[in-house]
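Peer 1: Take a look at the following structure, please.
Chains as they are written, first to last, in this note's numbering: chain A, 3 to 132; chain B, 11 to 787.
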């Protein structure tokens, strides 16, 4: 079972990748290609959400692809947030300390709360600045 | 008992010698004194005889003188004969009768007219008669006829006068006138006075005096009854014997066993003899009495002397007796006793001191000996216990893999002494691994046994921490090097056997190489060796890997086998070992299930029977049967080219196998991840050998573990040597993506071994696969 990637929804402000199957040395190329197309269109300060709830497996090649995506988002001053990694994937993330813990969320709702909090904060900060 | 004592013997000898000397000298003295006493007695008795003789002669001289004077006077004057005779009779009381007998018919007879005779009667009155008137004519009588011939007078024989009832002796003297014999004057003499003379001499009691005449009749004898009797013929013969020597008149007479000395003296003018008889006993009586007295006193003195000597000796020698008794006690083993007090520092004192010293030293020696014997016994029993403990340290001599009969193990240990330095050990480790080892401590006996015990215990304790035999050797080595000032060391060959696959890892610390046979002739396995354990703390040990094939037997032994010597001191040797093992192998089915260690031990023993076992022997044989894996174990053995597609095909294949085997999904994913990382690496590194079979993968599922072996014919690459990647907590911070895969591999696999040989890189992996209802982690 190879990787199945779905991008929904896509917007320059917030895009979500649904990963399904295995992200490994065999499939990372495909992922990179798809991700690149999306990332090119992402705006500044945008958010990329990786929904990992259907991802069964990840290897170091997959980790590198995710790191690549995060780097690209960082270049756009954006965030890469991970949602609901499965036990096996979570274990790999833990071993290599792939992502800061605060950027991993149990589910989409938790993610939305987080994003709302950030948005409010930014508005408040912006008001103060102004 | 008393006579055996030295004091008694000395006293007896002393008394005996003194008695002998005393008696001998007394006897000699007695003889000398006796001689003198005898001479004295002879002189004395001779004097008595002379004196007696003189006295008798004096009295007789009176009579003879009277008779001769009368004869001279009467001859010319025959008429006066009667008065003259009468007067003479009155004047001499010794005369019993006096006669003047004339020859009948002679002028004188005619002139005188008578032959007068005056006799003295028993009442002493004198009576006179004329002999002519006697009825018997006297001129025919013997005395007259004999008297006529005695011009100078002569004595007649003694006769007993019937009328006067007494012994008389006559003396006749012829009367001559002008040369013509005219008659005889005859005097009868009574002999009573002779007795009186004998008595008047007052001879000592027991001494007898006598007078004897020429006929041998006793004229006088102080034993009155003998007077007039004939003397003993022996005495007479003695008296008539010729005289000689100094005491000419001394004779010794033996009368019925009684010695009598006779001293005789002739009485002049007569044929009489005066004799004195002295019994010899009388002579010696006094001196004998004296000597008896001296003897008695002497004997008493000797007795007292002996007593004094004995008491003194006993007193002096008493300590000797005690010492002798103590010496007997010593011989019975008793040493604690009192010794006699030392009074003088003489030989006995010194002996006592020496004895005391000897006794003390003996006691000390005995004590030491007893202690030593106890020590020996204790040591022997301790050795026994040590042997039991050492045997208890060893596992059994036969081990059969109970679960799948994949392998069988035989072992034997034969110490040269009760305890030895050779060792073998084996035990199961977690995850289907079986550890075995054979070792040889340099040295023999107790130190070696202790070191052996230490080694065997350390090995067991460390084995669970060690992932491989070389690591186990390192761990043991580090422990043994600690405080090993004596530089004891042990050679050890250690092997880890994968009981599922027959994969064997061997590491040697200076030990003899093992022998392998079964599918080929017996040969040595070229196991490279590190230094012996206990010498170099930083030592490392090369490892040898191999896979046993069914029917293979591996033998590990100590040099006690190859260095066993026969009578000619020839070693058993390695070539013989190989040859014997081949014989054993070829002996057929029966021996295939036999015990090679027992066979070899017996063979070595019979070889060295003449010389005896000089070194410990340890043997361990491992036979790999490869019966198969237990139920539920699945296996995968693949070889494929190093391409990504093949790798992922293989990964899928593996996953299906694991899934089918019921391995937990988490473990499945771990295995997949690790294999992907490693194999993708291999694809990237490429192949140096056969591109069609570049990667080999073997996968096994055993109890509670998944075992994977990866072989890659490529350049050496040890994932274990790679440094840990720097993990910041965000992979996006990293500039390079390297090292993550290996890090994951290390983290995911429970165990990872890497080796490299001429066939490339070999990785052994182990994943824990706890059962559902087991003690899962």
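By construction, the Cβ of each residue, glycine as well, lies at the ideal position given by its N, Cα and C atoms.
When you compare the CB of residue 106 of chain A with every CB in chain B, is at least one pair closer than 8 Å?
Peer 2: Stepping through the first chain from its first residue, residue 106 of chain A is reached at position 104. Cβ-Cβ to chain B under 8 Å: no for residue 106 of chain A.
Peer 1: Under three-state DSSP, which class holds residue 183 of chain B?
Peer 2: Along the second chain, one-based indexing puts residue 183 of chain B at 173. Residue 183 of chain B: strand per DSSP, three-state reduction.
Peer 1: According to the Cβ coordinates, are residue 498 of chain B and residue 448 of chain B closer than 8 Å?
Peer 2: Residue numbering aside, residue 498 of chain B sits at position 488 when the second chain is read from its first letter. Residue numbering aside, residue 448 of chain B sits at position 438 when the second chain is read from its first letter. No, these two residues do not count as a Cβ contact at 8 Å.
Peer 1: By a C-beta neighbour count over all protein chains shown, 10 Å radius and 16 as the cutoff for buried, is residue 642 of chain B buried or exposed?
Peer 2: One-based indexing of the second chain puts residue 642 of chain B at position 632. Legend: pLDDT at residue 642 of chain B = 44, less than 50; position of this residue unreliable, no value from coordinates given.
Peer 1: Chain B beta carbons: is any one of them nearer than 8 Å to that of residue 72 of chain A?
Peer 2: Mapped onto the first chain, residue 72 of chain A falls at position 70. So yes, residue 72 of chain A belongs to the interface.
Peer 1: Report all residues from its chain with a CB closer than 6 Å to the CB of residue 409 of chain B; omit the five preceding and five following residues, and keep chain order.
Peer 2: Position 399 of the second chain, counted from the first residue, corresponds to residue 409 of chain B. 419, listed in sequence order.
Peer 1: Indicate the three-state DSSP secondary structure (helix, strand or coil) for residue 194 of chain B in the structure shown.
Peer 2: Position 184 of the second chain, counted from the first residue, corresponds to residue 194 of chain B. Here residue 194 of chain B sits in strand by DSSP.
Peer 1: Cutting at 8 Å between CB atoms, please list the residues of its own chain near residue 601 of chain B, excluding the five before and the five after it.
Peer 2: Here residue 601 of chain B refers to the residue found at position 591 when the second chain is read from its first residue. Because residue 601 of chain B carries a pLDDT of 48, less than 50, the predicted location of this residue cannot be relied on, and the following value inherits that uncertainty. The answer, listed in chain order, is 594, 595, 609.
Peer 1: Determine which residues of the stretch 4–36 of chain A have a Cβ less than 8 Å from any Cβ of chain B, and write them out in chain order.
Peer 2: For the stretch 4–36 of chain A, which is checked against every Cβ of chain B, the residues closer than 8 Å are 26, 27, 28.
Peer 1: For residue 140 of chain B, which residues from the same chain have a beta carbon less than 6 Å from its beta carbon, with the 5 sequence-adjacent residues on both sides left out?
Peer 2: What you label residue 140 of chain B is simply residue 130 of the second chain in a count that begins at 1. Cβ neighbours of residue 140 of chain B beyond the five flanking positions: 124.
Peer 1: Contact between the stretch 325–332 of chain B and the stretch 364–377 of chain B is defined here as three or more beta-carbon pairs at a separation below 8 Å; is this criterion met?
Peer 2: They do not touch, by the three-pair rule.
Peer 1: Just list the residues that DSSP pairs residue 38 of chain A with in beta bridges.
Peer 2: As a working mapping, residue 38 of chain A is identified with position 36 in the first chain. According to DSSP, which records beta bridges pairwise, residue 38 of chain A is partnered with nothing at all.
Peer 1: Would you call the CB atoms of residue 632 of chain B and residue 563 of chain B closer than 8 Å?
Peer 2: Position 622 of the second chain, counted from the first residue, corresponds to residue 632 of chain B. Position 553 of the second chain, counted from the first residue, corresponds to residue 563 of chain B. Taking 8 Å as the Cβ cut-off, residue 632 of chain B and residue 563 of chain B qualify as a contacting pair.
Peer 1: Please list, in chain order, the chain D residues whose beta carbon lies closer than 8 Å to that of residue 40 of chain A.
Peer 2: No chain D appears in the structure shown, which is made up of the protein chains A and B.
Peer 1: Pull out every residue of the stretch 47–69 of chain A whose Cβ sits closer than 9 Å to any Cβ of chain B, in chain order.
Peer 2: Those residues of the stretch 47–69 of chain A that come within reach of chain B (Cβ to Cβ, closer than 9 Å) are 58, 59, 60, 61, 62, 63, 65, 66, 68, 69.
Peer 1: Is there contact between the stretch 53–68 of chain B and the stretch 268–284 of chain B, where contact requires at least three CB pairs shorter than 8 Å?
Peer 2: The stretch 53–68 of chain B is in contact with the stretch 268–284 of chain B.
Peer 1: When DSSP builds the beta bridges, which residues end up paired with residue 289 of chain B?
Peer 2: The sequence position of residue 289 of chain B within the second chain is 279, counting from 1. The partner list for residue 289 of chain B (beta bridge, DSSP) reads B/270.
Peer 1: Would you call residue 212 of chain B buried or exposed, if buried means 16 or more other Cβ atoms sit within 10 Å of its Cβ?
Peer 2: Numbered from its first residue, the second chain carries residue 212 of chain B at position 202. The residue in question, residue 212 of chain B, is exposed, as its Cβ has fewer than 16 Cβ neighbours within 10 Å.
Peer 1: Given this structure, state the Cα-to-Cα distance separating residue 177 of chain B from residue 66 of chain B, to the nearest angstrom.
Peer 2: Taking the second chain and counting its residues from 1, the one referred to as residue 177 of chain B is at position 167. Taking the second chain and counting its residues from 1, the one referred to as residue 66 of chain B is at position 56. If I take the Cα positions, the gap works out to 16 Å.
Peer 1: When DSSP labels each residue in this structure, what does residue 59 of chain A get in the three-state scheme?
Peer 2: Taking the first residue of the first chain as 1, we reach residue 59 of chain A at position 57. In this structure, residue 59 of chain A counts as strand in the three-state DSSP scheme.
Peer 1: Cβ of residue 221 of chain B within 8 Å of Cβ of residue 209 of chain B?
Peer 2: As a working mapping, residue 221 of chain B is identified with position 211 in the second chain. As a working mapping, residue 209 of chain B is identified with position 199 in the second chain. Taking 8 Å as the Cβ cut-off, residue 221 of chain B and residue 209 of chain B do not qualify as a contacting pair.
Peer 1: Check whether the Cβ atoms of residue 197 of chain B and residue 77 of chain B lie closer than 8 Å to each other.
Peer 2: As a position in the second chain, residue 197 of chain B is number 187, starting the count at 1. As a position in the second chain, residue 77 of chain B is number 67, starting the count at 1. Result yes, Cβ atoms of residue 197 of chain B and residue 77 of chain B sit closer than 8 Å.
Peer 1: What's the gap between the Cα of residue 63 of chain A and the Cα of residue 44 of chain A?
Peer 2: In the first chain, residue 63 of chain A corresponds to position 61, counting from 1. In the first chain, residue 44 of chain A corresponds to position 42, counting from 1. So the alpha carbons of these two residues sit roughly 23 Å apart.
Peer 1: What are the residues of the stretch 718–747 of chain B that lie near chain A, defined by any Cβ-Cβ distance shorter than 8 Å?
Peer 2: Answer in chain order: 735, 737, 738, 739, 740, 741, 742, 744, 747.
Peer 1: For residue 112 of chain A and residue 12 of chain A, I'd like the C-alpha separation in whole angstroms.
Peer 2: Position 110 of the first chain, counting from 1, holds the residue named residue 112 of chain A. Position 10 of the first chain, counting from 1, holds the residue named residue 12 of chain A. Taking the straight line joining both Cα atoms gives about 20 Å.
Peer 1: By DSSP's criteria, residue 22 of chain A is part of a beta bridge. Which residues make up the other side?
Peer 2: Along the first chain, read from residue 1 onward, the residue named residue 22 of chain A stands at position 20. Looking at the DSSP assignment, residue 22 of chain A forms a beta bridge with A/6, A/56.
Peer 1: Against residue 669 of chain B, what residues of chain A qualify as contacts under a CB-to-CB distance less than 9 Å, listed in chain order?
Peer 2: Start at 1 with the first residue of the second chain, and residue 669 of chain B comes out as number 659. Residues of chain A passing the Cβ test: none, with the nearest at roughly 13 Å.
Peer 1: Just to confirm the assignment, what range does the beta strand (DSSP E) spanning residue 121 of chain B have?
Peer 2: Counting from one through the second chain, the residue named residue 121 of chain B turns up at place 111. Residue 121 of chain B -> not in any beta strand (DSSP E); alpha helix (DSSP H) instead, spanning 117–122.
Peer 1: Using a cut-off of 7 Å between C-beta atoms, extract the partners of residue 679 of chain B located in chain A.
Peer 2: On the second chain, residue 679 of chain B is found 669 positions in, with the first residue counted as 1. Simply 59, 90.
Peer 1: If you measure from the beta carbon of residue 85 of chain A to each beta carbon in chain B, is any gap under 8 Å?
Peer 2: Translated into positions along the first chain, residue 85 of chain A becomes position 83. Not closer than 8 Å to any Cβ of chain B, the Cβ of residue 85 of chain A fails to qualify, so no.
Peer 1: Tell me where the alpha helix (DSSP H) around residue 657 of chain B begins and ends.
Peer 2: Residue mapping note: residue 657 of chain B aligns to position 647 of the second chain, counting from 1. Unbroken alpha helix (DSSP H) run through residue 657 of chain B: 654–670.
Peer 1: Alpha carbon to alpha carbon, how far is residue 536 of chain B from residue 429 of chain B? Give it in angstroms, no decimals.
Peer 2: One-based indexing of the second chain puts residue 429 of chain B at position 419. One-based indexing of the second chain puts residue 536 of chain B at position 526. Going by the C-alpha atoms only, they are around 31 Å apart.
Peer 1: Take every Cβ of the stretch 234–243 of chain B, pair it with every Cβ of the stretch 148–162 of chain B, and state whether three or more of those distances are shorter than 8 Å.
Peer 2: No: the two stretches stay apart, fewer than three of their Cβ pairs being nearer than 8 Å.
Peer 1: So what does DSSP say about residue 428 of chain B, is it helix, strand or coil?
Peer 2: Position 418 of the second chain, counting from 1, holds the residue named residue 428 of chain B. Residue 428 of chain B falls in the coil class under three-state DSSP.
Peer 1: With a CB to CB cut of under 7 Å and the five nearest residues on each side skipped, what residues in its chain are close to residue 186 of chain B?
Peer 2: Position 176 of the second chain, counted from the start, is the residue given in the question as residue 186 of chain B. These residues qualify, in order along the chain: 85, 161, 192.
Peer 1: List, in order along the chain, the chain A residues whose C-beta lies closer than 7 Å to that of residue 658 of chain B?
Peer 2: In the second chain, counting from the first residue as 1, residue 658 of chain B sits at position 648. Simply 28.
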